[in-house]
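Before any comments, here is the structure.
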Amino acid sequence: MPADPLARWVNDLVEHGLDLTALYDDYTDVRGAPPYDPRLMLKLLIFGYSNGITSSRELELSPQTRQIRLTTCNLLAGP
């Protein structure tokens with residue numbers, strides 16, 4: 009788990025505190041390459057907005073989001 013309390017909170021919120029059924033319903037008709045997991049994208053957005061990062065380019069390049077990206081990707085990959 010991330011040492012950063014905000015990263016931990018965002019992870020717990022998305023994993024256990026939100027009903028993502030409606031979000032996953034939009035992922036039924038997939039064309040092209042498989043999409044990123046909606047949980048990953050939502051965690052990045054919430055974490056970024058909580059740190060004042062609203063640009064997708066800034067999210068990609070920000071060292072602040074590195075912790076949540078690494079943690080989330082590792083958790084989604086499974087054991």
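The opening position of the sequence shown corresponds to residue 9 in this note's numbering, with each subsequent residue numbered one higher. Every residue, glycine too, gets a C-beta built ideally from N, C-alpha and C.
Exercise for review: Would you check if the distance between the CB atom of LEU50 and the CB atom of LEU67 is smaller than 8 Å?
Suggested key: no
Review point. If you draw a straight line from the C-alpha of TYR35 to the C-alpha of ARG65, how long is it?
Key: So the two alpha carbons sit approximately 23 Å from each other.
Check your understanding: By DSSP, does TYR44 sit in helix, in strand, or in coil?
Key -> coil
Practice item. Could you check what DSSP says for THR73 in three-state terms: helix, strand or coil? Key: helix
Point to revise | Range of the contiguous alpha helix (DSSP H) that encloses ASP34 | key: Per DSSP, ASP34 belongs to no alpha helix (DSSP H) and is neither H nor E.
Practice item. On a CA-only basis, which of LEU14, THR62, ARG74 and THR29 is nearest ARG47? Give me that one, please. Key: THR29
Review point. By the 10 Å Cβ neighbour count, where 16 or more other Cβ atoms means buried, how is GLY56 classified, buried or exposed?
Key: It counts as buried.
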